[in-house]
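Participant: This is the structure, below, for whatever I ask next.
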Amino acid sequence: MEEPGSLLATLAQSSAAVVAIVGGFLVSRLVQLSSEREGLRRQMVHALDELAHVSKDLQEAHEYRLHNSQRTFKEWVLEALVASDPDTLDRESIVADNIPRGSSAEEMADYIDDLLRIIQQAKADIARYTRDGDDAGLEIDHLRARGLVVPDGQGEVYDEVVSWVGTQLPASRYVLGVSMAALRPFDAAGHATDMRRLDESIRDEQNLYSRKLVLDATRSRLATEIERIGRPTGVLSAIGILAIYSVLGIVAPVVVMSVDPEELHEWQKWGLVGAFIGGLFAVLGYIWWYATTLNDPLPTAPAEAKVQRPIGGARHADP
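Using the working numbering, read the sequence shown as starting at 372 and increasing by one per residue.
Below, the structure is given as C-alpha cells:
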C-alpha cells in the first residue's frame with residue numbers, strides 16, 4: 372500500500388513548483404510596474420515644475436500684452452472720451468469699435484471705466500488751476516508751475532485734457548485761429564513702435580498659452596497612467612489564486628502530514644488531488660485570460676477639440 376506521506380509530499384512539492392513559477396512571474400510584473408510608476412512620477416515632477424514656470428511667464432506675458440492693448444485703446448479713444456459727456460457716452464459702441472487686436476471687449480470694458488474715472492479727476496484737477504485770461508496756448512507746464520501735480524503714468528491724459536480745455540476758450544485766443552490740439556503732429560514712428568510692441572506681446576502670450584496647453588495635457592496623461600499602474604490588470608486576481616492554491620496545495624498536505632496518518636480514506640485522497648487539479652486549472656485559466664488581455668484593441672483617439680486662444684480682437688486695422 373502506498374504510504375500517505377508520499378502522496379502528500381508529491382502534491383505539496385508540485386503545488387510549490389507551480390506557485391513558484393507563477394509567483395516569479397507575478398513578482399517580475401510588479402517590479403516592472405514599480406519601475407514604470409517611478410519613471411512616470413519623475414516625468415510628472417518635471418512637467419509640474421515646467422508648468423509652474425510657464426504659468427508664471429504666461430501671467431507676466433498676459434499683463435504686458437494687456438498693458439499694450441490698453442495703451443493702444445487709450446491712444447484711439449482718449450480724445451473722444453475727453454470731449455464727451457460721461458452721462459450720455461455710449462461706452463459699448465466705443466468699446467466695440469475700438470478693440471485692439473489681441474484683446475477683447477471684456478478687457479476694454481473694464482479699462483474704459485478706469486480711463487473715464489482718470490479723465491474726470493484730471494478735469495477737476497486742471498479746473499482748479501485754470502485762471503481767467505488763459506488762452507488756447509495753455510500748456511501743462513503752465514499748470515504745473517501753478518501747483519498742479521500729475522500722477523505717475525497719467526501724463527498723457529492730463530495733456531489731452533489741457534488741450535481740450537484750450538478748445539473751450541474764446542476763439543480770439545486761438546493761435547492763428549487753430550487750437551493747440553490741432554497743431555500737435557502725429558507721431559508716426561512712435562505709433563509704429565507701439566503697434567510692433569503690441570504684436571510681439573500678442574505672439575509671446577499665444578506661444579506661452581500653447582505651451583501651457585501642451586503641459587496641461589501631459590500632466591493629465593501622466594496622472595491617468597500613474598492611476599492605471601496603481602490598479603494593474605489581473606494582479607489582485609493572481610494574488611488571490613496563488614493564495615488559495617497555496618492553502619489547498621501546500622498548506623493542507625503539510626498539515627495532514629504533520630498528523631502522520633497511517634492511512635488516507637479514498638475521499639481524502641481524491642479531495643487533495645482534486646484541490647491540486649482545480650488549483651492548477653485555475654492558474655492555467657488565469658494565464659490564458661491574461662494572455663487574451665494583451666490582444667485587446669487599442670483605445671481610439673478622442674476627437675480633436677477646438678481650442679480657442681485666450682484672447683480675441685475685433686479691430687485689426689490702424690485707425
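We put the beta carbon where it would ideally sit given N, CA and C, even for glycine.
1) In the DSSP output, which residue or residues are listed as bridge partners for Pro-522?
2) Taking C-alpha atoms, which residue in Ile-615, Leu-655, Ser-386, Arg-472 lies nearest to Arg-567?
3) Are the beta-carbon atoms belonging to Val-390 and Ile-621 less than 8 Å from one another?
4) Identify, in the order they occur along the chain, each residue of the same chain with its Cβ nearer than 7 Å to the Cβ of Ser-440, setting aside the five sequence neighbours on each side.
5) What are the boundary residues of the alpha helix (DSSP H) that includes Ser-334?
6) Just tell me which of Pro-603, Asp-530, Leu-487, Leu-586 has its CA closest to the CA of Asp-512.
7) Quick one: residues in its chain with C-beta nearer than 7 Å to the C-beta of Thr-443, no 5 flanking neighbours on either side, listed in chain order?
8) Can you grab the Cα-Cα spacing for the pair Asp-485 / Gln-414, in whole Å?
9) Comparing C-alpha positions only, which one of Lys-427, Tyr-661, Leu-643, Leu-651 sits nearest to Ala-380?
10) From Leu-655 to Pro-624, what distance separates their C-alpha atoms?
11) Are Leu-429 and Glu-571 touching if we call contact CB-CB under 8 Å?
12) Hey, is the stretch 606–622 in contact with the stretch 442–457, meaning 3+ C-beta pairs nearer than 8 Å?
13) Pairs of beta-carbons, one from the stretch 462–470 and one from the stretch 489–504, closer than 8 Å: are there three or more?
14) Near Glu-434, which residues of its chain fall below 6 Å by C-beta distance, leaving aside the five closest residues on each side in sequence?
15) For Val-398, which of Val-606, Val-533, Glu-450 has the nearest alpha-carbon?
16) With distance defined between alpha-carbon atoms, name the residue in Ala-588, Gly-650, Gln-525, Ile-497 nearest to Ala-516.
17) Please report the straight-line C-alpha distance between Ile-648 and Gly-395, rounded to a whole angstrom.
18) Give me the residue from Asp-456, Ser-581, Leu-449 with the minimum Cα distance to Val-425.
Facilitator: The relevant details are as follows:
1) Bridge partners of Pro-522: none, in fact.
2) Arg-472
3) yes
4) Pro-471, Gly-473, Ser-474, Glu-478, Leu-569
5) Outside the shown range of the chain, which is 372 to 690, sits residue 334, and nothing can be said about it.
6) Asp-530
7) Pro-471, Asp-565, Leu-569
8) 45 Å
9) Leu-643
10) 21 Å
11) no
12) no
13) no
14) none
15) Val-606
16) Ile-497
17) 20 Å
18) Ser-581
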